[in-house]
Amino acid sequence: MLNTLKRYSEHYDQKQGISLINDFLQLGHILEELQQLESKKAFNAMYALIERNLNDSIMIAERGKRISKLQKGQTQPKGTGHKSVNGLKKEIEAKEQRAKKP
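Residues in the sequence shown are numbered consecutively from 1, following the UniProt record's numbering.
See below:
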């Protein structure tokens, strides 16, 4: 597990990580309270907003990284980045699978 963390340590921002954890804990409490209500509409709406926000944040971050690399001349133009959390997960899983192959 530590080896996995070491591979990604250069990309880690501790302050942002702690902030995100606190935000997710607060959102988790809100979702729990909404889930206990008789009407599930509020829960479903909040869940959808959180999911959409995550997808948008990932897409913006990926585009920002790509633009930064383009400005530095480190890469060539291509697509617009991940369209969803699932797209990012699939890419990470594919990289891990390639790394495991001898």
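Heads up, the beta-carbon is just placed ideally off N, CA and C, and yes, glycines get one too.
- Taking the CA atoms as reference points, Arg66 sits about 42 Å from Ser39.
- Taking a cut-off of 8 Å for Cβ pairs, the segment 2–10 and the segment 27–39 do not touch, as fewer than three such pairs fall below it.
- Considering only Ser57, Gln97, Lys72 and Lys101, the residue with the shortest C-alpha distance to Leu20 is Ser57.
- Ala48 and Leu37 have their C-alpha atoms spaced approximately 17 Å apart.
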